[in-house]
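**Q** Have a look at this one before I ask anything.
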Amino acid sequence: MRILRTALPATLAVLGLMAGTALPASSADPSPRDRPLTVMSFNIHHGVGTDNLLNLQRVADVIKTEGVDVVGLQEVDRHWGERSDFVDQAAWLAEELDMHVVYGANLDQDPLQPGQPRRQYGTAILSERPIREWDNTFLPRYEGHEQRGLLRARINVRGVWVTVYNTHLQHNDANERLEQVAAIEQLMGEPDESVVLLGDLNARPEAPEIQALVDELVDTWEAAGVGDGNTYPAEDPNARIDYVLTSDDVIVRTAAVVSTDASDHLPAKADVLLPGSHVGLGN
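According to the UniProt record's numbering, the sequence shown is numbered sequentially starting from 1.
What follows is the structure, encoded as C-alpha cells:
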C-alpha cells in the first residue's frame, strides 16, 4: 500500500463484461499531450457478491484486470462489523493493488469494545498516482436517513490536474437526491481544471437529479457507451444508476459496464483523455 489517509468528513452539512465502445464525445482531436486515464465507479457492497459471500479479493481482481487508474468505491466498510470481518477494506484494497487511497467516513460509530478502532462506513477513492489534496463533505440528509457525503481527491496525471469526486446518493427519496445534487454542484463550483464525478447515484438517466448533473457534466455512457449500460442488480441488471461523469474538456474514448459477481452492482468504467492544453496549469 502506498498511502492511506482517513478522517471523518467535514461536520458541516452543505446545505453516499458488457463492454461498449464508440467515438469520443468531444469534437476536439486528441493531442499527443493529452493524458489517458481509466476511471471506474464501483459500489462494492462491502465485498459481498451475488453469491452472498464475502470476498474482497474479487473486487481487487476486477480493478486490476480492468487496468483502472482511478476508482471511486461506494459501500466500503472500515472496521464496521462481522459482515466484513471488521477489516479496513479501503486499506486492504490499497495494499493489494499498490494504490494510493483516501476514505470518507459518512457513518462513524464507537467500537464494540474499548480500545478497538472506530466503526466506519463510507466511500473511497483509489489512485495509481499520488493524491495531493482531499476532503469529504456531508451532503443534505432528511431525518432518519443515512448520511451521505462527497469525497474529493485532486490528482496530478503527468502534469495535468484532475479533481475526482465520489458519492453515493440517497436510495429512496428523489427530493433528497435533488438537494444532494444541488449541494454537489455548489461544492464543485466552476472548476478551472478537469473534473470526474463517480458515483452510485441511485437514479436512472431520465431522473431530474441526473438531468441536473448532465446539464453541467458529460455522461460518459451517453457519449461513448453501447447498449443500455445497466448496472443494477448485477445478476439481471435493469437499471443504470452507476455513473462516470466528466467536465466537457475531457475527451471520452470508451465507456463500458464490467460483468462481475463481486458485488450486487456492476462497475461503470470509462477511458478518457485529460486535455494536454492543461499541462503545467494549477499548483
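Backbone N, C-alpha and C define an ideal beta-carbon position, used for all residues, glycine too.
Taking the alpha helix (DSSP H) that Q211 belongs to, which residues open and close that run?
**A** Looking up residue 211 in the sequence shown gives position 211. Per DSSP, Q211 belongs to the alpha helix (DSSP H) from 208-214.
**Q** Give the range of the beta strand (DSSP E) segment to which E75 is assigned.
**A** To locate residue 75, count along the sequence shown from 1; it is residue 75. Residues 70-78.
**Q** Determine, using beta-carbon pairs with one atom in the segment 154-174 and one in the segment 185-203, whether at least three such pairs fall under 8 Å.
**A** Contact between the segment 154-174 and the segment 185-203 is present, because at least three Cβ pairs lie under 8 Å.
**Q** To the nearest angstrom, report how far apart R83 and P30 are at their CA atoms.
**A** Working through the sequence shown from its first residue, we reach residue 83 at position 83. Working through the sequence shown from its first residue, we reach residue 30 at position 30. If I take the Cα positions, the gap works out to 46 Å.
**Q** Verify whether the separation of the beta carbon atoms of A255 and V244 is less than 8 Å.
**A** As a position in the sequence shown, residue 255 is number 255, starting the count at 1. As a position in the sequence shown, residue 244 is number 244, starting the count at 1. Yes, the pair counts as a contact, with Cβ atoms nearer than the cut-off.
**Q** Might you give, ordered along the chain, the residues of its own chain that have their beta carbon closer than 6 Å to the beta carbon of D248, omitting 5 neighbours on each side?
**A** For the purposes of this step, residue 248 is taken as residue 248 along the sequence shown, with counting starting at 1. Excluding sequence neighbours, D248 sits near V218.
**Q** Which residue marks the beginning of the alpha helix (DSSP H) containing N175, and which one marks its end?
**A** Working through the sequence shown from its first residue, we reach residue 175 at position 175. It spans 174-188 - the alpha helix (DSSP H) in which N175 sits, taken as one unbroken run.
**Q** Tell me the DSSP secondary structure of V164 in three-state form.
**A** Residue numbering aside, residue 164 sits at position 164 when the sequence shown is read from its first letter. Three-state result, V164: strand.
**Q** Since I believe D108 is in contact with Q120 (beta carbons under 8 Å), could you give me their beta-carbon distance rounded to a whole number of angstroms?
**A** On the sequence shown, position 120 is the one that residue 120 refers to. On the sequence shown, position 108 is the one that residue 108 refers to. Between D108 and Q120 the Cβ distance is about 5 Å, and since that is below 8 Å, they are a contact.
**Q** In whole angstroms, give me the CA-to-CA distance for V272 and D88.
**A** The count along the sequence shown starts at 1 and reaches residue 272 at position 272. The count along the sequence shown starts at 1 and reaches residue 88 at position 88. About 30 Å.
**Q** Taking the beta carbon of Q186 as the centre, do at least 16 other beta carbons fall within 10 Å, making it buried, or is it exposed?
**A** Mapped onto the sequence shown, residue 186 falls at position 186. Counting Cβ neighbours within 10 Å, Q186 comes out exposed, since fewer than 16 surround it.
**Q** On the CB-based measure, 16 or more other CB atoms within 10 Å of its CB, does S27 come out buried or exposed?
**A** Here residue 27 refers to the residue found at position 27 when the sequence shown is read from its first residue. Bear in mind that a pLDDT of 40 at S27, under 50, signals an unreliable position, so the model cannot answer this.
**Q** How long is the line joining the alpha carbons of D173 and G229, rounded to whole angstroms?
**A** Numbered from its first residue, the sequence shown carries residue 173 at position 173. Numbered from its first residue, the sequence shown carries residue 229 at position 229. For D173 and G229, the distance between alpha carbons rounds to 23 Å.
**Q** Keeping to the same chain, check which residues put their C-beta closer than 6 Å to that of I210; ignore five residues upstream and five downstream.
**A** Here residue 210 refers to the residue found at position 210 when the sequence shown is read from its first residue. Same-chain partners within the cutoff: A203.
**Q** Straight-line CA distance for H171 to V59?
**A** On the sequence shown, residue 171 is found 171 positions in, with the first residue counted as 1. On the sequence shown, residue 59 is found 59 positions in, with the first residue counted as 1. Each residue's Cα considered, the two are about 22 Å apart.
**Q** Given G122, which residues of its chain have a CB within under 7 Å of its CB, disregarding the five upstream and five downstream residues?
**A** What you label residue 122 is simply residue 122 of the sequence shown in a count that begins at 1. If we look at G122 and ignore the five residues flanking it on each side, its Cβ neighbours are V76, Y103, G104, A105, N106, L107, G149.
**Q** Taking 7 Å as the limit between beta carbons, can you name the residues of its chain near T50, skipping five residues before and five after?
**A** Stepping through the sequence shown from its first residue, residue 50 is reached at position 50. Excluding positions up to five away in sequence, the list reads A234, E235, D261, D264.
**Q** Which one of A182, L151, H79, E146 has the shortest CA to CA distance from Q113?
**A** Here residue 113 corresponds to residue number 113 of the sequence shown, with the count starting at 1. The candidate whose alpha carbon is nearest that of Q113 is H79.
**Q** Measuring straight from C-alpha to C-alpha, what distance separates P24 and P275?
**A** By one-based count along the sequence shown, residue 24 stands at place 24. By one-based count along the sequence shown, residue 275 stands at place 275. Low local confidence applies: a pLDDT of 42 at P24 is under 50, so the model's placement there is unreliable, with the coordinate-based value given in what follows. If I take the Cα positions, the gap works out to 13 Å.
**Q** Applying the 10 Å Cβ sphere with the 16-neighbour rule, what's the burial state of K64?
**A** As a first step, residue 64 is located in the sequence shown; it is residue number 64 there, counting from the start. Counting Cβ neighbours within 10 Å, K64 comes out exposed, since fewer than 16 surround it.
**Q** In chain order, which alpha helix (DSSP H) runs of at least 4 residues are fully inside the segment 47-134?
**A** The segment 47-134 contains these whole alpha helix (DSSP H) runs: 56-65, 89-97.
**Q** Based on DSSP bridge pairs, tell me the residues matched to A239.
**A** For the purposes of this step, residue 239 is taken as the residue at position 239 of the sequence shown. Looking at the DSSP assignment, A239 forms a beta bridge with Y232.
**Q** Roughly how many whole angstroms lie between the Cα atoms of L53 and A239?
**A** By 1-based counting over the sequence shown, the position of residue 53 is 53. By 1-based counting over the sequence shown, the position of residue 239 is 239. Looking at the two C-alpha atoms, the distance is approximately 23 Å.
**Q** How about V196 and V162: are their beta carbons less than 8 Å apart?
**A** Locating residue 196 in the sequence shown gives position 196, where the first residue counts as 1. Locating residue 162 in the sequence shown gives position 162, where the first residue counts as 1. Against a cut-off of 8 Å, the Cβ pair of V162 and V196 comes out as a contact.
**Q** Who are the near neighbours of H45 in its chain, counting only those whose CB is closer than 7 Å to its CB and skipping five residues on each side?
**A** Residue mapping note: residue 45 aligns to position 45 of the sequence shown, counting from 1. Excluding sequence neighbours, H45 sits near E75, S263, D264, H265.
**Q** Considering just the uninterrupted stretch of the alpha helix (DSSP H) at T220, what are its terminal residues?
**A** In the sequence shown, residue 220 corresponds to position 220, counting from 1. Start and end: 220-224.
**Q** Taking the beta strand (DSSP E) that S194 belongs to, which residues open and close that run?
**A** Within the sequence shown, numbered from 1, the residue matching residue 194 stands at position 194. From DSSP, the beta strand (DSSP E) with S194 extends over 194-200.
**Q** With the cut-off set at 8 Å, would you say D242 and A268 are in Cβ contact?
**A** Working through the sequence shown from its first residue, we reach residue 242 at position 242. Working through the sequence shown from its first residue, we reach residue 268 at position 268. Yes; because the gap between Cβ atoms is below 8 Å, this pair is in contact.
**Q** Taking only three categories from DSSP, how would you classify S277?
**A** Residue 277 sits at position 277 when you count from the first residue of the sequence shown. Correct three-state label for S277: helix.
**Q** Hey, could you find the ends of the beta strand (DSSP E) T38 is sitting in?
**A** Position 38 of the sequence shown, counting from 1, holds the residue named residue 38. T38 -> beta strand (DSSP E) spans 35-43.
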